[in-house]
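Asks: Residue numbers (full-length UniProt numbering): 1 to 526. The C-beta atom is built at its ideal place from N, Cα and C for all residues, glycine as well. This is the structure, below, for whatever I ask next.
Right, here's the structure in full:
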């Protein structure tokens with residue numbers, strides 16, 4: 001009875017009725033959810049570090065955002081004594097080495113001071129840039145593994161598709177981390193760049209606004225605006241590109257070259273052997289295009305200057321009926337600038353066409369040589385795919401480095417001009433046109449109180465605008481204006497409102513400083 005019962009239980013066991021191929025097959029593959037959990041568990045440190053970095057940077061940005069205008073501290077009161085007046089700022093004729101060294105030191109110190117407040121953002125941006133470079137190198141290798149797996153599946157139709165899950169998950173994880181690192185370094189660099197530009201603009205404006213009136217007479221308004229807008233923009237772009245594109249591209253070139261050598265030393269040696277000639281020809285063409293671009297930009301500035309001078313002196317142009325002359329002059333300059341830009345466009349077209357031809361030729365050569373290696377069983381299809389992707393990554397990185405060189409040159413030129421502006425006397429050093437105003441009596445607090453008018457007296461005063469030193473406005477001028485009197489200043493032509501009144505007004509309030517100036521305000525004492 002017991003034997004019969006045992007036989008029935010054995011027959012009910014499901015293992016007896018399974019096919020033989022199922023019993024002898026390999027264990028079942030883990031599910032997709034288990035693979036995802038294993039991937040997250042393996043790389044949980046990386047994901048946690050990146051998430052904490054993003055959260056910390058966001059919190060730091062929220063805390064430091066109200067302090068955006070660091071460095072824009074204007075003095076509440078200006079007090080400059082005659083004994084402590086500094087020497088005038090170096091002019092364009094200054095060629096001493098000491099002045100150049102001072103300018104360079106100011107530039108380096110300003111860059112350090114501007115970026116010190118945002119050092120955490122810079123460090124996080126560097127981490128993101130190097131992370132993006134690492135995954136740009138890693139992705140071609142993972143892609144090659146996936147292609148090899150597809151090739152094996154195509155060669156053995158009975159294989160299961162579950163073997164594609166692990167390489168697919170690794171590739172998706174690499175894509176996700178690459179996207180996250182790209183977001184990190186672009187976002188943080190945008191924060192650093194805008195804050196640095198804001199501080200730099202405030203510093204430049206503070207330096208310029210406290211200069212003497214003679215400085216503004218010798219300097220055009222367009223030059224001042226270019227320093228505070230165009231040069232700051234060029235410096236900001238060069239600073240951001242040097243960190244984002246420069247470091248990332250250099251890391252990608254080195255890493256991709258090493259990966260290419262590991263994949264196939266033969267293909268790597270053949271590719272590196274033909275690249276120097278390509279880069280030499282491309283550098284020569286690019287140098288000529290940069291020269292032509294500079295000429296075209298200079299000609300645009302000439303045409304803009306003609307239009308600016310015309311609009312600034314529009315009354316003279318109208319009174320002398322010089323509209324046709326100015327139109328012809330402007331059309332001549334614009335036409336020449338247009339011809340230079342057309343020639344530059346054709347040159348850029350030739351350069352891009354040759355670049356595409358060389359890139360396609362490199363791809364064809366790699367495929368041809370790689371096909372021979374595959375035929376000799378020295379290389380697999382997935383490795384050839386990885387090598388091609390790494391080759392394109394090196395090409396893109398080298399292209400970005402060549403473009404970055406021009407941006408860095410423009411940024412260094414802009415930094416040199418900005419350093420010259422920042423080396424001008426500051427608010428604590430420059431002579432202000434309000435010097436002496438602190439000695440004036442205060443205005444009455446009530447309109448019913450009497451206001452005592454001062455006596456204005458000029459003694460042996462000579463004046464000429466700094467931009468026209470030979471054209472004397474007045475020479476050895478002596479006159480006195482009693483208090484509470486109105487005096488009209490009339491020149492030889494009968495008009496003196498702007499010709500004489502404005503210089504006298506600026507001389508009284510120290511807008512212009514003359515060597516033999518003896519003008520003063522005499523307030524009667526009551």
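Residue 147 lies in the alpha helix (DSSP H); which residues open and close that run?
Replies: Residue 147 -> alpha helix (DSSP H) spans 119-155.
Asks: With a threshold of 16 other CB atoms inside 10 Å of the CB of residue 475, please say whether the residue is buried or exposed.
Replies: That one is exposed.
Asks: Residues in its own chain within less than 7 Å of residue 542 by CB, not counting five upstream and five downstream?
Replies: Look at the range of the chain in this structure, 1 to 526, and you will see that residue 542 is not part of it.
Asks: Looking only at its own chain, which residues have a Cβ that is under 6 Å from the Cβ of residue 246, when we skip the five neighbours before and after it?
Replies: Result list for residue 246: 404, in chain order.
Asks: Are the beta-carbon atoms of residue 359 and residue 370 separated by less than 9 Å?
Replies: Taking 9 Å as the Cβ cut-off, residue 359 and residue 370 do not qualify as a contacting pair.
Asks: With a CB to CB cut of under 6 Å and the five nearest residues on each side skipped, what residues in its chain are close to residue 256?
Replies: If we look at residue 256 and ignore the five residues flanking it on each side, its Cβ neighbours are 137, 390, 393 and 394.
Asks: Pick from 423, 464, 124 and 462: whose alpha carbon is nearest that of residue 546?
Replies: There is simply no residue 546 to check, as the chain begins at 1 and stops at 526 in what is shown.
Asks: Determine the closest residue to residue 263 out of 398, 406, 478 and 378, with distance taken between C-alpha atoms.
Replies: Among 398, 406, 478 and 378, the Cα nearest to that of residue 263 belongs to 378.
Asks: Excluding the five sequence neighbours on either side, which residues of its own chain have a C-beta within less than 7 Å of the C-beta of residue 400, listed in chain order?
Replies: Counting only Cβ-Cβ distances below 7 Å, and skipping sequence neighbours, we find 245 and 249.
Asks: Go ahead and label residue 361 buried or exposed: buried means 16 or more other beta carbons lie within 10 angstroms of its beta carbon, across all protein chains shown.
Replies: So residue 361 ends up on the exposed side.
Asks: Residue 479 bridges to which residues according to DSSP?
Replies: 458, per the DSSP bridge assignment.
Asks: Report yes if the C-beta distance between residue 366 and residue 267 is below 9 Å; otherwise report no.
Replies: Yes. Within cutoff.
Asks: Assess contact between the segment 201-221 and the segment 183-190, defined as three or more Cβ pairs (one per stretch) separated by less than 8 Å. Is contact present?
Replies: Cβ pair count under 8 Å is below three, so no.
Asks: Candidates 165, 227, 235 and 270: which alpha carbon is nearest residue 408's?
Replies: Comparing Cα-Cα distances from residue 408 to each of 165, 227, 235 and 270, the minimum goes to 235.
Asks: Between the alpha carbons of residue 297 and residue 226, how many angstroms are there, rounded?
Replies: Cα to Cα, the separation comes out at about 14 Å.
Asks: Smallest Cα separation from residue 381: which of 140, 324 and 303?
Replies: Minimum Cα distance to residue 381 is reached at 140.
Asks: Find out if the Cβ-Cβ distance for the pair residue 286, residue 210 is shorter than 9 Å.
Replies: No, they are not a contact pair.
Asks: Could you check if residue 346 is buried or exposed, using at least 16 other CB atoms within 10 Å of its CB as the buried criterion?
Replies: Exposed, by the Cβ-count rule.
Asks: Counting only beta-carbon separations shorter than 9 Å, does residue 361 have a partner in chain B?
Replies: The displayed structure is made up of one protein chain only, and chain B is not part of it.
Asks: Mapping DSSP to helix, strand and coil, what is residue 472?
Replies: Reduced to three states, the DSSP call for residue 472 is strand.
Asks: Taking the CB atoms as reference points, tell me whether residue 232 and residue 386 lie closer together than 9 Å.
Replies: Not closer than 9 Å, so no.
Asks: Compute the distance between the beta-carbons of residue 282 and residue 354, then report whether it is under 9 Å.
Replies: Yes. Within cutoff.
Asks: Can you tell me whether residue 112 is buried or exposed? The criterion is at least 16 other CB atoms within 10 Å of its CB, across all chains shown.
Replies: Exposed.
Asks: Would you grab the beta carbon distance between residue 530 and residue 413 for me? Rounded to a whole angstrom, and I think it's under 8 Å.
Replies: Outside the displayed span of the chain (1 to 526) sits residue 530, for which this structure offers no information.
Asks: Beta-carbon separation of residue 126 and residue 243 under 9 Å?
Replies: Going by C-beta atoms, residue 126 is nearer than 9 Å to residue 243.
Asks: Thinking just about the alpha-carbon of each residue, which of 170, 349 and 192 is nearest to the one in residue 117?
Replies: Closest by alpha carbon: 192.
Asks: Determine the direct distance from the alpha carbon of residue 217 to that of residue 527, and round the result to whole angstroms.
Replies: The requested residue 527 does not occur in the structure, where the chain is confined to residues 1 to 526.
Asks: Does residue 530 pass the burial test, meaning 16 or more other C-beta atoms within 10 Å, or should it be called exposed?
Replies: No information on residue 530 is available, as it lies outside the stretch 1 to 526 that the chain covers here.
Asks: Restricting to runs no shorter than 4 residues, where is the alpha helix (DSSP H) found entirely within the segment 178-247?
Replies: Within the segment 178-247, the complete alpha helix (DSSP H) runs of at least 4 residues are 213-218, 221-225 and 231-241.
Asks: What separation, rounded to the nearest whole angstrom, lies between the Cα atoms of residue 425 and residue 215?
Replies: One C-alpha to the other measures close to 11 Å.
Asks: Taking all protein chains shown into account, decide if residue 482 is buried (16 or more other Cβ within 10 angstroms of its Cβ) or exposed.
Replies: Exposed, by the Cβ-count rule.
Asks: Could you pull out every residue in the same chain whose Cβ sits closer than 6 Å to the Cβ of residue 121, ignoring the five residues on either side in sequence?
Replies: Answer for residue 121: 188, 191 and 192, listed in chain order.
Asks: Please report the distance separating the alpha-carbon of residue 402 from that of residue 320.
Replies: Computed Cα separation, rounded: 51 Å.
Asks: If I follow the unbroken alpha helix (DSSP H) through residue 363, where does it start and stop?
Replies: That run of the alpha helix (DSSP H) goes 323-375.
Asks: When burial is assigned at 16 or more other CB atoms within 10 Å of the CB, is residue 479 buried or exposed?
Replies: Burial call: exposed.
Asks: Is it the case that the Cβ atoms of residue 306 and residue 323 are separated by a distance below 9 Å?
Replies: No.
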